[in-house]
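Visitor:
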Amino acid sequence: MTRTTRLLSLALCLGGLLLRPSPALSQAVTVEQLVAVALERSPDLQAARAELGVVAGEVTQAALRPNPMLAASQEQGRGGMMTTSVGVEWPLDLFRRPARVAAARSTGEVTALAIRDRERLVASMVREQAGRLLAAQRTLDVINESLMAARRMRDLLDRRVTEGGTPKLDANLAAVEAMRLEAEAALAGGDVAAALIELKATVGLAPDAPLMLADTLEALAAVPPTPRLTPTAALEARPDLREAIARINVADLRAQAARQEARTDVTLAAGYTRSAFGFDLFGIDARGTSMRIHDIFHTVTIGARVNLPVNNRSQGTLAAIEAERKGAEALFAARQRAARAEIDAASARERETRRAVELYATTIRSLARQNVEVMLEAYDLGRFPLSDVLTEQRRYLDVEAGYTDVLMRAYDARTAVARAYGEIP
Numbered sequence: 001m002t003r004t005t006r007l008l009s010l011a012l013c014l015g016g017l018l019l020r021p022s023p024a025l026s027q028a029v030t031v032e033q034l035v036a037v038a039l040e041r042s043p044d045l046q047a048a049r050a051e052l053g054v055v056a057g058e059v060t061q062a063a064l065r066p067n068p069m070l071a072a073s074q075e076q077g078r079g080g081m082m083t084t085s086v087g088v089e090w091p092l093d094l095f096r097r098p099a100r101v102a103a104a105r106s107t108g109e110v111t112a113l114a115i116r117d118r119e120r121l122v123a124s125m126v127r128e129q130a131g132r133l134l135a136a137q138r139t140l141d142v143i144n145e146s147l148m149a150a151r152r153m154r155d156l157l158d159r160r161v162t163e164g165g166t167p168k169l170d171a172n173l174a175a176v177e178a179m180r181l182e183a184e185a186a187l188a189g190g191d192v193a194a195a196l197i198e199l200k201a202t203v204g205l206a207p208d209a210p211l212m213l214a215d216t217l218e219a220l221a222a223v224p225p226t227p228r229l230t231p232t233a234a235l236e237a238r239p240d241l242r243e244a245i246a247r248i249n250v251a252d253l254r255a256q257a258a259r260q261e262a263r264t265d266v267t268l269a270a271g272y273t274r275s276a277f278g279f280d281l282f283g284i285d286a287r288g289t290s291m292r293i294h295d296i297f298h299t300v301t302i303g304a305r306v307n308l309p310v311n312n313r314s315q316g317t318l319a320a321i322e323a324e325r326k327g328a329e330a331l332f333a334a335r336q337r338a339a340r341a342e343i344d345a346a347s348a349r350e351r352e353t354r355r356a357v358e359l360y361a362t363t364i365r366s367l368a369r370q371n372v373e374v375m376l377e378a379y380d381l382g383r384f385p386l387s388d389v390l391t392e393q394r395r396y397l398d399v400e401a402g403y404t405d406v407l408m409r410a411y412d413a414r415t416a417v418a419r420a421y422g423e424i425p
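With our numbering applied, the sequence shown has no gaps in its numbers, which climb one by one up to 425 at the end.
#1: Buried or exposed, going by whether 16 or more other CB atoms sit within 10 Å of the CB of R127?
#2: Going by C-alpha to C-alpha distance, which of L217, Q61, T139 and D44 sits closest to T30?
#3: Give the single residue among T107, R118 and E58 whose Cα lies nearest to the Cα of L45.
#4: Nearest to R349 by alpha carbon, out of N307, D252, Y360 and A416?
#5: Going by other Cβ atoms of all chains shown within 10 Å of its Cβ, with 16 needed for buried, is F95 buried or exposed?
#6: For R242, is the classification buried or exposed, using 16 other Cβ atoms within 10 angstroms of its Cβ as the cut-off for buried?
#7: Would you call the CB atoms of R41 and V203 closer than 8 angstroms?
#8: Expressed to the nearest angstrom, what Euclidean distance is found between the alpha-carbon atoms of S22 and Y411?
#9: Return the bridge partner residues of E428 from the DSSP annotation.
#10: Counting pairs of beta carbons, one from the stretch 123 to 139 and one from the stretch 90 to 108, are three or more of them closer than 8 angstroms?
#11: Are A102 and L318 touching if we call contact CB-CB under 8 angstroms?
#12: Check this for me: beta carbons of A28 and A188, under 8 angstroms apart or not?
#13: Who are the Cβ neighbours of A378 in its own chain at under 6 angstroms, not counting the five residues just before and after it?
#14: May I ask you to report which of helix, strand or coil DSSP gives M291?
#15: From the DSSP output, read off the bridge partner residues of Q74.
#16: From E32, V110 and M82, pick the residue whose C-alpha is nearest to that of S124; which is it?
#17: What is the DSSP secondary structure of A38, counted as helix, strand or coil?
#18: Determine the DSSP secondary structure at A214, reduced to helix, strand or coil.
#19: Spatial neighbours of P231 within its chain, please: C-beta separation below 6 angstroms, excluding the five flanking residues on both sides.
#20: How should E392 be labelled, buried or exposed, when 16 other C-beta atoms within 10 angstroms of its C-beta is the threshold for buried?
#21: Could you pull out every residue in the same chain whose Cβ sits closer than 8 angstroms to the Cβ of R387, ignoring the five residues on either side in sequence?
#22: Between which two residues does the alpha helix (DSSP H) harbouring V142 extend?
#23: Note down the Cα distance separating V406 from E358, rounded to an integer number of angstroms.
#24: Which residue from L229, L308 and F282 puts its Cα closest to that of T264?
#25: On the three-state DSSP scale, how would you describe R274?
#26: Rounded C-beta distance between I248 and A339? I'm assuming under 8 angstroms.
#27: Report the three-state DSSP secondary structure of A194 (helix, strand or coil).
#28: I believe L157 touches A171 by the beta-carbon criterion, under 8 angstroms. Please report the beta-carbon distance rounded to the nearest angstrom.
#29: With a threshold of 6 angstroms on Cβ separation, who are the neighbours of R154 within its own chain once the five nearest residues in sequence on each side are excluded?
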């Protein structure tokens, strides 16, 4: 094999390339480790988890009993007459507190399941963003390797033109190809930088935080399918469906609490009254002694106040809750259908993309490489112009780009299956 053939082969032997980390990244983590970081630091999840404190406060408030009421008064009259009254009322809150607390706790369950479902979506978003970054890095590495070899070929042909052994046209073609690859490398570098910034934002890292992925797109796409739950079990375990069921339960408990609020309630009341009566007159007691007319009376009262739900029986609240329950049932049915379709579609897509990856890895790429090698040998023998060789080289690079796209599709399909089955860690 001549020196020209070896150089062009170096430009085109891209099938065994491994993704090399960007120099700007200094901390190697796997995608799943990055998912764990996102579950801890994601701004969206931090905002959602703040709702748990709100719900906890609502549960605490629902468990509190009504405050007693204290009333006091003093009445001053003429002639030394004075009446002092003190009374207290204690609402019993009969039958209301358990239903109120149960409704508040069920709201907390809905919030917790909604956060769990948000974690599922965030984990999927991180995996998708990581896949885009890995695909962009692989594309950049492929172009950079090809660009390096194209520059060497350009320099070689420039020397041959000077020596008179190669037409000037071949050197120009090589120069154009090198500049074209340089432009593509610039675009690919921008894609890598943008994907990295988006990934950091999704995870919750600062824009200048070091980050390097230890995985490669080929390795992730080649991971064999792992045993999973049955579709029925997955539907039962998915947090979004459990949240929809919990919303139905919330409506039932809120309706029960509203009915309890409409029931008769009793408020105990007790009071004490001290009445002092006197007149600016004198009378004679039993012994015939003159004395001022004055006396003090003590009165104790005990009673109860009963609320009679004659007009207000929470009719409007119950009607609103019933409509809310119907909406929750419709939401559950819609999510269940969508989840089942998502599981079936993701499983079918994963199965077919694995076949496509196998075709590229075992047949398509090797045949395309052989075609380029044949063209290189023919070029050295003078049977084909360099333009035909470059055309075949571009076709091979298109195959590599197609392989990257298939790898990305396979990885996305695997991520979609994990999301459809409700997998988070």
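Just so you know, even glycine gets a beta-carbon here, dropped at the ideal spot from N, CA and C.
Guide: In short, the structure shows the following:
#1: buried
#2: L217
#3: R118
#4: A416
#5: exposed
#6: buried
#7: yes
#8: With a pLDDT of only 32 at S22, under 50, the local geometry of the prediction cannot be trusted, and no value is derived from it.
#9: Absent from the structure is residue 428, since the part of the chain shown begins at 1 and ends at 425.
#10: no
#11: no
#12: no
#13: F384
#14: strand
#15: T84
#16: E32
#17: helix
#18: coil
#19: I343
#20: buried
#21: Reading the sequence as shown, one finds Ser at residue 387 and not Arg. Cβ neighbours of S387 beyond the five flanking positions: L173.
#22: R97 to E163
#23: 10 angstroms
#24: L308
#25: strand
#26: In fact, because the Cβ distance is near 16 angstroms, the residues do not count as touching under 8 angstroms.
#27: helix
#28: 4 angstroms
#29: A174, A175 and A178
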